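> Could you have a look at this structure, given as structure tokens, before my questions?
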Amino acid sequence: MSATGKAPIATEVPWSDSLTAYDKEHFTTYLRFLDAAADDGTYEEMAQKILDIDPQCEPERARNAARSHLDRANWMMTTGYKELFAD
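Counting in my numbering, the sequence shown runs from 563 upward without gaps.
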């Protein structure tokens with residue numbers, strides 16, 4: 563955990579065909595990304611508001627991190643969620 567009590571944010575989400583510890587720690591983050599995408603938020607807005615990455619200071623990192631988290635959030639909603647309800 564970081565000093566703020568939140569799980570650290572990765573620039574690239576660890577990818578797997580199964581749920582990861584990172585997924586479980588960042589489930590709320592993924593929901594926030596899906597909500598922002600539904601509201602047509604930009605990667606820059608998502609990085610700033612959800613990941614606390616300044617897109618003016620770190621444009622490439624902000625875009626990559628937001629894209630990676632949104633991709634994983636979409637995977638969670640189409641595939642990964644099934645593991646949450648498995649025996």
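Beta carbons: idealized from backbone N, C-alpha and C, even for Gly. Source: prediction; values computed, not measured.
(1) Determine the direct distance from the alpha carbon of Thr582 to that of Ala628, and round the result to whole angstroms.
(2) With a floor of 4 residues, list each alpha helix (DSSP H) that falls wholly inside the segment 583-648, ordered by position along the chain.
(3) Rounded to the nearest angstrom, how far is the Cβ of Arg623 from that of Tyr605, given a contact under 8 Å?
(4) Just how far apart, CA to CA, sit Phe595 and Ala572?
(5) Spatial neighbours of Gln610 within its chain, please: CB distance less than 8 Å, with the 5 preceding and 5 following residues excluded, ordered by chain position.
(6) Expressed to the nearest angstrom, what Euclidean distance is found between the alpha-carbon atoms of Thr591 and Asp602?
Answer, in terms of the structure:
(1) The count along the sequence shown starts at 1 and reaches residue 628 at position 66. The count along the sequence shown starts at 1 and reaches residue 582 at position 20. Taking the straight line joining both Cα atoms gives about 18 Å.
(2) 583-587, 589-600, 605-608, 621-637 and 643-646
(3) Sequence index remark: in the sequence shown, residue 623 carries index 61 (1-based). Sequence index remark: in the sequence shown, residue 605 carries index 43 (1-based). In fact, because the Cβ distance is near 11 Å, the residues do not count as touching under 8 Å.
(4) In the sequence shown, the residue the question calls residue 595 occupies position 33. In the sequence shown, the residue the question calls residue 572 occupies position 10. In a straight line, the C-alpha of Phe595 is about 15 Å away from that of Ala572.
(5) Residue numbering aside, residue 610 sits at position 48 when the sequence shown is read from its first letter. Same-chain partners within the cutoff: Asp616, Pro617 and Ala624.
(6) For the purposes of this step, residue 591 is identified with residue 29 of the sequence shown, where counting begins at 1. For the purposes of this step, residue 602 is identified with residue 40 of the sequence shown, where counting begins at 1. Each residue's alpha carbon lies about 17 Å from the other.
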